[in-house]
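> Numbering (this note's numbering), first residue to last: 1048 to 1516.
Note that CB positions come from ideal geometry on N, CA and C, so glycine has one too.
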Amino acid sequence: MGRRHQCLQPYGNSTRLARPSPASAARYDSTVRRLEDTIVAPITALGGPVAIVRLSGPESWSIARTISEPSSSTEPVTKAFRTVHRTYRHGDDGLVVLFPQGRSYTGEACAELSCHGSRAAVQELLEACLSQGARMADPGEFTYRAFMNSRIDLTQAEGVRDTVSALTATQLRQANRLRDGALRESVCRLRDDVHSVLAAVEASTDFSEEVGDLDRPAALARLRSVASGIEDLLEGTQRSWLLREGLTVAIIGRPNVGKSSLLNLFLGSERAIVTDIPGTTRDTVEEVCNVRGVSVRFVDTAGLRTATDQVEAIGVRRAWASGETADHVLYVYAGPEGWTEEDEASLSAVPARVTVVENKSDLDPPRRRYGPAVRVSAKTGEGVTELMDNLVQELTDGEPPLPNRRHTPLLEAALADVEEASRTMIAPVPDDLAAVHLRAASRVLGEVTGETASPDIIDRVFHDFCIGK
Ligand code: GDP
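Take a look at the structure:
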């Protein structure tokens, strides 16, 4: 993670956010009852050989100690972070770990108790805890407490939810980044910047005699950088949608270099017609496949050359059009012929991001190579794994944190307010007006992280959680 920002304060090995306002939490509290209760729930799915039950709240340690005893006389006493084998008073046994307040998942004192995984064993352990004053946790209540105790912000809570429900590797990667706080970091940094401009504006309007006039160019430059930061995040929204909905990769190159053969290899079938007569793929052929969890639509195009008939000419035009609309291009040349001037010219005309592929690595090495090309053989399959790794890296890495549907309208509203504040600052109107827009921008950015979130937003985020999370 990058540097910490003003709205984050050091807290154990994590960071603290300003605690959500009591009003924010009111509605959720009324449904899930009091934060002072000690709560309990299984945190593993039923049916495995072993299950884990978590207690969270002030009485967690004493309940864990009361309902179990050392398995042997040499057993050490239970203390924070030490895993000890204990026998439960109702007969089962398992490992018990105690977590101190401030250094647990929820931020409260916690105990995690393992037991055998049968429904009856879990039920008995839960009842033992309930008999000592714990109550059953509601769905999402552990994570809700982590949020209320400022262990995580609302975007990280959403990351937890998305991690648990991820179906593909890509969804999991995105969820992990959200959970790690990538979006929280960015939004806090932007909000800090809005706050410092707001402080300068307020100081110059309220105490102009003491602090002098507002340094307008500096304030405007800072707001420009906030606006571009928000735009970057919104661009991430588009990318996140693309990754969910799928990406298009066009396969482009001169005739006969093995474009159709590569597509067939990717698909594991003979969808595109392969011949050694140049110009066989007269139109585009499209197929969707799952590349490491990303849905990719491959478009095999007609070879780039001067067409000899009208049909082929249309195909060549479509090949260029595919290159223009694709999210990524695989530009293929064949080893035996090597990298040519024609390839050089075509490559410089491709508008999308490109990976250059040198095919037919099973034949004689080329006279002239394109340095960074990935070498493959559509015939033997050599290099295709590396090509796919490379492609997935290109398609999914280095993105800004990915906002979801809840974050997008808030970021758009913040952008509009920041832009309005900038316009107001250069207009012949009092700076109080800019302050109004800056306060609005701060409020909506705070809704993203949850610091100024309404009870409705909190309700909606935790609504989708399951028991034990
Ligand atoms: P396209 O016109 O670029 O789509 O090329 P094709 O996929 O139709 O392939 C043209 C010819 O090259 C066919 O005879 C393929 O069997 C052959 N070919 C394609 N890839 C390879 C390869 O990696 N090694 C060898 N030796 N031949 C290949």
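Where do the N-terminal and C-terminal ends of the alpha helix (DSSP H) with Asn1311 fall, by residue?
Translated into positions along the sequence shown, residue 1311 becomes position 264. 1306 to 1314 is the extent of the alpha helix (DSSP H) around Asn1311.
> How would you call Pro1264, buried or exposed, if buried means at least 16 neighbouring beta carbons within 10 angstroms?
Taking the first residue of the sequence shown as 1, we reach residue 1264 at position 217. Exposed, by the Cβ-count rule.
> Quick one: is the Cβ of Pro1456 within less than 7 Å of any heavy atom of the ligand HEM?
Inclusion of the ligand HEM in the displayed structure is not the case, the ligand content consisting of the ligand GDP alone.
> Helix, strand or coil: how does DSSP classify Asn1451 here?
The sequence position of residue 1451 within the sequence shown is 404, counting from 1. Coil.
> Check for me: the alpha helix (DSSP H) holding Pro1413 runs from which residue to which?
Residue mapping note: residue 1413 aligns to position 366 of the sequence shown, counting from 1. Run containing Pro1413: none; DSSP gives neither H nor E here.
> Which residue or residues does DSSP assign as beta-bridge partners of Ile1298?
Taking the first residue of the sequence shown as 1, we reach residue 1298 at position 251. Paired residue(s): Asp1347, Leu1377.
> Pick out the complete alpha helix (DSSP H) segments inside the stretch 1190 to 1246, 4 residues or longer, and give them in chain order.
For the stretch 1190 to 1246, whole alpha helix (DSSP H) runs of length 4 or above, ordered along the chain, are 1201 to 1212, 1216 to 1226.
> Please classify His1510 as buried or exposed, where buried requires at least 16 neighbouring CB atoms within 10 angstroms.
In the sequence shown, residue 1510 corresponds to position 463, counting from 1. The residue is exposed, with fewer than 16 neighbouring Cβ atoms inside 10 Å.
> Could you say which of Trp1386, Ser1393, Arg1400, Tyr1380 lies nearest to Asp1374 if we only look at CA atoms?
In the sequence shown, counting from the first residue as 1, residue 1374 sits at position 327. Measuring from the Cα of Asp1374, the nearest candidate turns out to be Arg1400.
> With DSSP as the reference, identify every bridge partner of Phe1146, one or two as the case may be.
Here residue 1146 is taken as the residue at index 99 of the sequence shown, counted from 1. Bridge partners of Phe1146: Cys1157.
> Strictly by DSSP, which residues pair up with Val1248?
Position 201 of the sequence shown holds residue 1248. Note: Val1248 sits in no beta bridge, so no partner.
> Please report the straight-line C-alpha distance between His1518 and Asn1196, rounded to a whole angstrom.
In the structure as shown, the chain starts at 1048 and stops at 1516, and residue 1518 therefore has no counterpart that could be examined.
> To the nearest angstrom, report how far apart Ile1504 and Val1491 are at their CA atoms.
Position 457 of the sequence shown holds residue 1504. Position 444 of the sequence shown holds residue 1491. In a straight line, the C-alpha of Ile1504 is about 12 Å away from that of Val1491.
> Between the stretch 1171 to 1181 and the stretch 1195 to 1213, do at least 3 Cβ pairs fall closer than 8 Å?
No, the stretch 1171 to 1181 is not in contact with the stretch 1195 to 1213.
> Go through its chain and collect everything with a Cβ distance to Gly1515's Cβ below 6 Å, but skip five positions before and after it.
Sequence index remark: in the sequence shown, residue 1515 carries index 468 (1-based). Ala1088, Pro1089, Ile1090, listed in sequence order.
> Shorter than 7 Å, the distance from the beta carbon of Asp1409 to the closest heavy atom of the ligand GDP, or not?
For the purposes of this step, residue 1409 is taken as residue 362 along the sequence shown, with counting starting at 1. At least one heavy atom of the ligand GDP is nearer than 7 Å to the Cβ of Asp1409, so yes.
> Return yes when at least one heavy atom of the ligand GDP lies under 7 Å from the C-beta of Ser1424, else no.
As a position in the sequence shown, residue 1424 is number 377, starting the count at 1. It does: the Cβ of Ser1424 is within 7 Å (strictly closer) of some heavy atom of the ligand GDP.
> Identify which residue in Glu1083, Arg1101, Gly1094, Gln1179 has its Cα closest to the Cα of Ile1110.
By 1-based counting over the sequence shown, the position of residue 1110 is 63. Among Glu1083, Arg1101, Gly1094, Gln1179, the Cα nearest to that of Ile1110 is on Gln1179.
> Write down the C-beta distance between Arg1485 and Val1234 rounded to the nearest angstrom, noting that I regard them as a contact closer than 8 Å.
The residue you call residue 1485 lines up with position 438 of the sequence shown. The residue you call residue 1234 lines up with position 187 of the sequence shown. Per the sequence shown, residue 1485 should be read as Leu rather than Arg. In fact, because the Cβ distance is near 15 Å, the residues do not count as touching under 8 Å.
> Name the DSSP bridge partner or partners of Tyr1135?
The residue given as residue 1135 occupies position 88 in the sequence shown. Tyr1135 is bridged to Ser1115.
> By how many angstroms is the C-alpha of Val1338 removed from the C-alpha of Gly1300?
Indexing the sequence shown from 1 puts residue 1300 at position 253. Indexing the sequence shown from 1 puts residue 1338 at position 291. Looking at the two C-alpha atoms, the distance is approximately 22 Å.
> Using CA atoms only, rank isn't needed, just tell me which of Tyr1380, Leu1245, Ala1396, Pro1117 is closest to Ala1422.
Mapped onto the sequence shown, residue 1422 falls at position 375. Note on identity: in this sequence residue 1422 is Arg, with Ala being the wrong assignment. Nearest option by C-alpha distance: Tyr1380.
> The ligand GDP and Ser1307: does the residue's C-beta get closer than 7 Å to at least one heavy atom of that ligand?
Stepping through the sequence shown from its first residue, residue 1307 is reached at position 260. Indeed, a heavy atom of the ligand GDP lies less than 7 Å from the Cβ.
> Which class does Leu1093 belong to by DSSP, given the choice of helix, strand or coil?
Stepping through the sequence shown from its first residue, residue 1093 is reached at position 46. Coil.
> Pull the bridge partners of Leu1102 from the DSSP assignment, please.
Here the question's residue 1102 lines up with position 55 in the sequence shown. According to DSSP, Leu1102 bridges with Val1087, Ala1158.
> Hey, would you say Arg1150 sits closer than 8 Å to Leu1449, going by beta carbons?
One-based indexing of the sequence shown puts residue 1150 at position 103. One-based indexing of the sequence shown puts residue 1449 at position 402. No. Outside cutoff.
> Quick check: the Cα distance between Thr1499 and Ala1468, rounded to an integer number of angstroms?
Within the sequence shown, residue 1499 is the residue found at index 452, counting from 1. Within the sequence shown, residue 1468 is the residue found at index 421, counting from 1. C-alpha separation (whole angstroms): 20 Å.
> Can you tell me whether Ile1126 is buried or exposed? The criterion is at least 16 other CB atoms within 10 Å of its CB, across all chains shown.
Numbered from 1 along the sequence shown, position 79 holds the residue referred to as residue 1126. It is Lys, not Ile, that sits at residue 1126 in the sequence shown. Label assigned to Lys1126: exposed.
> On the DSSP bridge list, what partners appear for Thr1402?
As a first step, residue 1402 must be located in the sequence shown, where it is residue number 355. Per DSSP, Leu1377.
> Is DSSP giving Glu1498 helix, strand or coil here?
Walking along the sequence shown from the start, residue 1498 turns up at place 451. Note: Glu1498 maps to coil in three-state DSSP.
> For Gly1385, verify whether its CB is less than 7 Å away from any heavy atom of the ligand GDP.
Numbered from its first residue, the sequence shown carries residue 1385 at position 338. Not so, every heavy atom of the ligand GDP lies at least 7 Å from the Cβ.
> Is Val1332 helix, strand or coil when you go by DSSP?
Within the sequence shown, the letter at position 285 stands for residue 1332. Of the three classes helix, strand and coil, the one that applies to Val1332 here is strand, per DSSP.
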